[in-house]
Structure formats: C-alpha cells, structure tokens
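In case it helps, the numbering used here puts the sequence shown at residues 1164 to 1281.
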Amino acid sequence: MIQKRSIGLAIIFSILTCGIYSIYWFIKLTDEASYLSGDDSMSGGKAFLLTIVTCGIYFFFWNYKMGKALYEAQERAGTVPQDNSILYLVLAIFQLGIVAYCIMQSEINNMVEYSYAD
C-alpha cells in the first residue's frame, strides 16, 4: 500500500540527515512508481546500486525513466497523464534532482489521493 508522503518534511529530513533521507526517498519513489505503473523491471535498490556503480550517470537515465513510468501509472490510474521525463532529465542535468523528486512525489500523491477518492 502506497501512502501519501509530505514533500516539505521529505526536504527537511533530506537536509537534516545530510542527504541520507534522500537516498531512502529515491528508493521509495522508484518502488512506488514501479508498482503504480506495473513495471516489474524497476527496483529502487537496483536503481541506487546502478547509480553508484556508474558514478552517477545512471541517475540521468533514471530521471527520464521515472517520467515515463509515472506517465504510464497516471494512465493506469485514470488521471490525465503528463509526460515530465524531459523536465526531470533537465533538472538532473542542472543538479536540481531534489526538485524532480518533489514533482514525482506530488504526482504519486495525486494518484494515491485519486484512487481513494472513489
């Protein structure tokens, strides 16, 4: 079961823990997007490991892939889908990955809220 996560608290926890919470957030975002989109090939742990092994290069691909996964999840949820994959990639290139995390979390929160509104 996916629960809504407070974006503000996630940012504060990421800052207070010097980025350790953002690793947890990265893994949870990946797992939740994978679950919602029905794509079993994505895993938070695997994505994090690939990011470390490739010295961060996989992170750029991950941002693009998350945009596609969330688009698919929005279609499955019956909401109006938005393909933000290029936006996430550009934010990652300009070292604004946490902004992409916030947008991703907002989309997941909206899907969770929409699914329980019925």
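All C-beta atoms, glycine included, are put in the ideal place defined by N, C-alpha and C.
Keep in mind that this is a model prediction, so the values were computed, not measured.
message: Between which two residues does the alpha helix (DSSP H) holding Val-1253 run?
response: 1248 to 1256
message: What would DSSP say about Thr-1214, mapped onto helix, strand or coil?
response: helix
- prompt: By Cβ distance below 8 Å, which residues in the same chain neighbour Tyr-1264 in space, the five residues on each side in sequence not counted?
  reply: Ala-1173, Ser-1185, Trp-1188, Phe-1189, Leu-1192
message: Counting beta carbon pairs with one atom in the stretch 1164 to 1184 and one in the stretch 1201 to 1215, are three or more of them shorter than 8 Å?
response: no
- prompt: With 16 other CB atoms within 10 Å as the buried threshold, where does Glu-1238 fall?
  reply: exposed
task: Pull up the CB-CB distance for Ser-1206 and Asp-1194, whole angstroms please, since I reckon it's below 8 Å.
output: 7 Å
query: Between which two residues does the alpha helix (DSSP H) carrying Met-1229 extend?
result: 1220 to 1240
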